[in-house]
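Trainee: Line order of the protein sequences matches chains A and B. Under UniProt numbering, the residues of the first sequence are numbered 1 to 240, in order. Under UniProt numbering, the residues of the second sequence are numbered 1 to 240, in order. Once you've had a glance at the structure underneath, I'll fire off some questions.
Protein chains: 2
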Amino acid sequence: MAELIYKQLISKLKKRITANEFPDMKLPDERSLSETYEISRSSVKRALGQMASDGIIFKKRGSGTFINPLYLKNKTVFNYAGTNLGVTDGFEMNGKSPKVKVLSFEVIAPSEDLQRNLFLNADDFVYKIVRLRLFEKTPFMIETGYIPIKIVPNLSRVIVKGSIFNYLEDAQNQAVTKSSISIYAEPSTENDQALLDLKSTEPVSIMDGIFFLDDGTPFEYSSMRFHYKFSKFNTFMSVK
Amino acid sequence: MAELIYKQLISKLKKRITANEFPDMKLPDERSLSETYEISRSSVKRALGQMASDGIIFKKRGSGTFINPLYLKNKTVFNYAGTNLGVTDGFEMNGKSPKVKVLSFEVIAPSEDLQRNLFLNADDFVYKIVRLRLFEKTPFMIETGYIPIKIVPNLSRVIVKGSIFNYLEDAQNQAVTKSSISIYAEPSTENDQALLDLKSTEPVSIMDGIFFLDDGTPFEYSSMRFHYKFSKFNTFMSVK
DNA sequence: TTAGTTTATTGGAACGTACCAATTTTTTAA
DNA sequence: TTAAAAAATTGGTACGTTCCAATAAACTAA
């Protein structure tokens with residue numbers, strides 16, 4: 001195990017919330033929690049802080065800590081517990097496993113945009129990889145990814161068909177966990193319509209992302225064009 | 001001032017980063033920062049933690065703290081500093097002030113969906129407010145909002161035309177800062193096309209949101225249909 | 001020179017303390 | 001009975017300490 005103290009507390013509290021052990025919709029105060037679980041108030045604060053930023057609870061100085069009634073009650077449209085990128089919901093895809101089809105794979109010079117987004121010089125060549133992603137027979141996304149050669153010198157078509165992220169983690173001990181994402185919509189192009197089985201009136205949801213290595217190196221720029229029924233992005237926001 | 005210590009550090013570091021005072025793209029280690037600014041390491045950690053979750057820096061145990069090269073480079077292209085809901089970019093709207101047109105305003109019984117989303121009983125009536133939002137003459141969004149009467153008993157058409165959020169903050173000392181958001185796209189309906197000046201092939205971006213009061217009470221459910229050119233959602237994500 | 005080992009560096013987790021600020025509850029006074 | 005004042009409650013900020021774990025740097029031996 002060796003699970004972190006504050007994470008233990010989080011799961012314990014989640015369980016108790018779900019089990020309806022707090023009928024007044026309030027958690028005990030931090031000092032009490034600290035005592036009952038025999039951990040420091042600092043650890044309690046860390047746990048509650050995380051839960052608050054996930055939208056599970058609300059803290060109010062002087063008043064106490066309140067449970068989000070929607071977390072407990074009915075799982076609404078909103079998938080709770082933090083941010084949730086959803087290639088989902090479109091329809092059931094239970095049991096259907098994701099497939100990848102590589103549409104093209106080449107090496108190109110980076111455009112100016114790309115140079116900016118991946119922090120490259122004009123002579124830092126990049127792989128351009130176009131993939132179609134499907135659930136079984138159902139295509140749901142066209143992904144165009146750009147990866148600098150200098151970061152992954154030996155990228156083969158075989159690796160491309162699998163997951164590059166796994167490749168990196170295994171072969172170079174570099175995890176990809178951070179990304180900067182931009183989400184918007186556009187009318188579908190003829191290419192979109194052909195590949196994603198869309199009518200001309202049906203749009204694509206676009207998710208542009210820059211993925212970073214642990215040390216902050218921009219590692220991939222990727223533009224993902226989704227069949228609009230297969231894209232939904234859920235998040236909990238705290239404005240200022 | 002009385003500005004918080006860790007926020008002071010954040011702005012100082014941002015300034016230094018922007019001024020290119022860290023040519024090796026690394027920040028000093030936490031213990032040094034603690035010394036040079038004469039604050040505790042805990043406060044340093046809090047500042048750096050926030051900056052990391054905003055995507056400005058990357059921390060790596062054993063190695064140090066790295067600056068996101070994209071933060072330095074083109075801050076303009078990158079709407080950085082964390083999550084950023086953007087009713088923006090579509091086109092310049094500098095100087096153009098946002099306008100509101102109330103399309104309808106009525107009291108209705110809540111649908112089952114709404115009962116779930118706002119945590120209501122079937123007899124908790126709600127205001128239904130449909131607004132068209134514009135920049136000067138340019139409509140960019142249709143907003144359909146639902147607010148329980150029991151939370152805002154005396155909502156008048158006058159208040160509706162202004163900002164309900166301000167009304168709440170002033171009159172009831174309740175701030176609205178937390179929300180749960182879901183983003184997706186759909187083909188435009190005829191109504192969308194008429195109101196937002198869209199062609200039939202052009203879509204809307206939809207942002208459904210539940211807004212909460214400070215104490216966690218769901219306060220408004222709102223469905224916002226954007227002209228696709230006027231909606232862009234930027235965020236920085238940390239997976240796992 | 002190289003490969004393996006040891007040491008130093010650096011961020012992470014957890015504990016605990018002191019004091020502050022917003023809110024609620026209780027008490028007091030008119 | 002009511003309104004103002006005081007006290008208690010509750011989360012927030014900040015400091016500081018101890019130990020740990022991942023990584024990098026230095027060292028040692030073949």
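Note that the Cβ used here is the ideal one computed from N, Cα and C, for glycine as well. Small disclaimer: the values here were computed from a predicted structure and weren't measured.
(1) DSSP has Glu-106/B in a bridge; who is on the other side?
(2) Which first and last residues belong to the alpha helix (DSSP H) in which Gly-49/A is found?
(3) For Ser-42/B, does the count of other Cβ atoms within 10 angstroms reach 16, so buried, or fall short, so exposed?
(4) Report buried or exposed for Gly-145/A, applying the criterion of at least 16 other Cβ atoms within 10 angstroms of its Cβ.
(5) Could you compute how far the alpha carbon of Ser-34/A sits from the alpha carbon of Leu-13/A?
(6) Throw me the rounded Cβ distance for the Asp-29/A and Gly-62/A pair, which I believe falls under 8 Å.
(7) Can you pull the chain A residues whose beta carbon is under 9 Å from the beta carbon of Lys-73/B, in chain order?
(8) If you measure from the beta carbon of Ala-185/B to each beta carbon in chain A, is any gap under 7 Å?
(9) Consider the Cβ of Lys-7/B: report whether some Cβ of chain A lies at a distance smaller than 7 Å.
(10) Taking Cβ to Cβ, would you say Ser-222/B is nearer than 7 Å to Gly-55/A?
(11) Would you kindly work out how many angstroms separate the C-alpha atoms of residue 269/A and Val-204/A, rounded to a whole number?
(12) Hey, quick one: how far does the beta strand (DSSP E) through Glu-220/A stretch, first residue to last?
(13) Nearest-angstrom Cα distance between Ala-185/A and Arg-131/A?
(14) Is DSSP giving Thr-65/A helix, strand or coil here?
(15) Return no unless some Cβ of chain B is closer than 7 Å to the Cβ of Glu-202/A.
(16) Interface residues of chain B around Ile-210/A at Cβ under 8 Å?
(17) Is Phe-119/B closer than 7 Å to Pro-187/B when the C-beta atoms are compared?
(18) Step through the CB atoms of chain B and report whether any lies within less than 7 Å of the CB of Gly-216/A.
(19) What is the rounded straight-line gap between the Cα of Lys-45/A and the Cα of Ala-52/A?
(20) Report all residues from its chain with a CB closer than 8 Å to the CB of Lys-26/B; omit the five preceding and five following residues, and keep chain order.
(21) If you follow the beta strand (DSSP E) that Thr-144/A is in, where does it begin and where does it stop?
(22) Give every residue of the same chain whose Cβ lies closer than 6 Å to the Cβ of Met-224/B, excluding the five residues on either side of it in the sequence, and list them in chain order.
(23) Just the Cα atoms here: how many angstroms apart are Asp-214/A and Leu-198/A?
(24) What residue does the alpha helix (DSSP H) around Ser-111/B start on, and which one ends it?
(25) Candidates Leu-72/B, Leu-196/B, Phe-135/B: which alpha carbon is nearest Thr-18/B's?
(26) Short of 8 Å Cβ to Cβ, which residues in the stretch 122-149 of chain A face chain B?
(27) Pick helix, strand or coil for Asp-197/B, following the three-state DSSP scheme.
(28) Between which residues of its own chain and Ser-182/B is the CB-CB distance below 6 Å, once the five residues before and five after are set aside?
(29) Please name the residue in Ser-238/A, Met-237/A, Phe-212/A, Thr-189/A whose C-alpha comes closest to that of Tyr-228/A.
(30) Using CA atoms only, rank isn't needed, just tell me which of Thr-138/B, Glu-112/B, Phe-230/B is closest to Asp-123/B.
(31) How about residue 249/A: is its C-beta nearer than 7 Å to some C-beta of chain B?
(32) Would you decide whether Thr-36/A is buried or exposed? Buried here means 16 or more other CB atoms lie within 10 Å of its CB.
Mentor: In this structure, then:
(1) Partner(s): Lys-128/B.
(2) That run of the alpha helix (DSSP H) goes 41-53.
(3) It is exposed - the Cβ of Ser-42/B has fewer than 16 other Cβ atoms within 10 Å.
(4) Gly-145/A is buried by the Cβ-count criterion.
(5) Taking the straight line joining both Cα atoms gives about 13 Å.
(6) Taking C-beta atoms under 8 Å as the contact rule, Asp-29/A and Gly-62/A fail to qualify, at a distance of about 11 Å.
(7) Residues of chain A passing the Cβ test: Arg-116, Phe-119.
(8) With 7 Å as the cut-off, Ala-185/B counts as an interface residue toward chain A.
(9) False, the Cβ-Cβ gap to chain A never drops below 7 Å.
(10) Between Ser-222/B and Gly-55/A, the C-beta gap is not smaller than 7 Å, which leaves the two residues out of contact.
(11) Any question about residue 269/A goes unanswered here, given that chain A covers just 1 to 240.
(12) Its beta strand (DSSP E) spans residues 218-227.
(13) Roughly 19 Å between the two C-alpha positions.
(14) Of the three classes helix, strand and coil, the one that applies to Thr-65/A here is strand, per DSSP.
(15) Taking Cβ atoms only, chain B reaches closer than 7 Å to Glu-202/A, which makes this a yes.
(16) What Ile-210/A touches in chain B, judged by beta-carbon distance under 8 Å, is Leu-70, going in chain order.
(17) In this structure, Phe-119/B does not lie closer than 7 Å to Pro-187/B by Cβ.
(18) Between Gly-216/A and chain B, the shortest Cβ-Cβ separation is below 7 Å.
(19) Near 10 Å, if we compare the C-alpha coordinates of Ala-52/A and Lys-45/A.
(20) Same-chain partners within the cutoff: Gly-64, Thr-65, Phe-66, Ile-67.
(21) Start and end: 138-148.
(22) Within the same chain, Met-224/B has close Cβ partners Met-141, Glu-143, Met-207.
(23) Distance from the CA atom of Asp-214/A to the CA atom of Leu-198/A, rounded to whole angstroms, is 38 Å.
(24) Looking at the DSSP string, Ser-111/B is not in any alpha helix (DSSP H), and its letter there is neither H nor E.
(25) The shortest CA-to-CA distance from Thr-18/B to any of Leu-72/B, Leu-196/B, Phe-135/B is the one to Leu-72/B.
(26) The stretch 122-149 of chain A vs chain B, Cβ under 8 Å: nothing.
(27) Asp-197/B: coil per DSSP, three-state reduction.
(28) Excluding its 5 nearest sequence neighbours in each direction, Ser-182/B has C-beta neighbours in its own chain below 6 Å: Asp-208, listed in chain order.
(29) It is Thr-189/A whose Cα lies nearest to the Cα of Tyr-228/A.
(30) For the residues Thr-138/B, Glu-112/B, Phe-230/B, the minimum Cα distance to Asp-123/B belongs to Glu-112/B.
(31) With chain A covering only 1 through 240, there is no way to say anything about residue 249/A.
(32) With fewer than 16 neighbouring CB atoms inside 10 Å of its own CB, Thr-36/A falls in the exposed class.
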